[in-house]
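Participant:
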Amino acid sequence: MTIHISDDLTWTEKEEKDTAKDVVNMINSPKNTIRKSKDGSCDVYEISSGGEKKATIVNRKTDSNEQGSWVIYSGKFEKMGIGPFVDGSEFDKKITNGTGIRKTVNNKIVSQQALHQKLSQVR
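For the sequence shown, position 81 (counting from the first letter as 1) is numbered 91 according to the working numbering, and the numbering increases by one without interruption.
#1: Under a three-way DSSP split, which group does K41 fall into?
#2: Residues in its own chain within less than 8 Å of R70 by CB, not counting five upstream and five downstream?
#3: Which residue or residues does DSSP assign as beta-bridge partners of D5?
#4: Is there contact between the stretch 94-110 and the stretch 56-63, where contact requires at least three CB pairs shorter than 8 Å?
#5: Taking Cβ positions, are Q134 and T43 nearer each other than 8 Å?
#6: Any idea what DSSP makes of S58, helix, strand or coil?
#7: Residues in the same chain with beta-carbon distance under 7 Å from I37, minus the five sequence neighbours each way, listed in chain order, please.
#8: Taking the C-alpha atoms as reference points, what is the distance between Q127 and P40?
The structure is reproduced here in structure tokens:
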């Protein structure tokens, strides 16, 4: 087992992977919501439950036309982040069971919008 040590944190690759998988499970949970915002050319996704922020995922880009790389901020890794990793990488495939973080995030946003639209029609 590899142990990583920085000035502020000691962690293992398993802890990184487990935390990232937990965040993916948060995204997929119907109890949680995701909100997308922009910070320059980067996309920022905040995952919350009952108004309480649980995790942040940032798609870092130097240009708005590129795919960018992902960094997950949650739990032990809230300040340092997990990543960066790119779409289709082995890490991306492992934490999402092959779906990919981009598709997972986009699916959640689409399902939220559909639910919101359906609720608006009922009112």
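Ideal Cβ placement from N, Cα and C applies to all residues, glycine included.
Facilitator: By the coordinates alone:
#1: It is coil, neither helix nor strand.
#2: C52, G78, S79, W80, V81 and P94
#3: No answer is possible for residue 5: the residues shown for the chain start at 11 and end at 133.
#4: These segments do not touch.
#5: Beyond the ends of the chain as shown, which are 11 and 133, falls residue 134; an answer cannot be given.
#6: strand
#7: Correct list, in chain order: I44, I57, T114, V115 and K118.
#8: 16 Å
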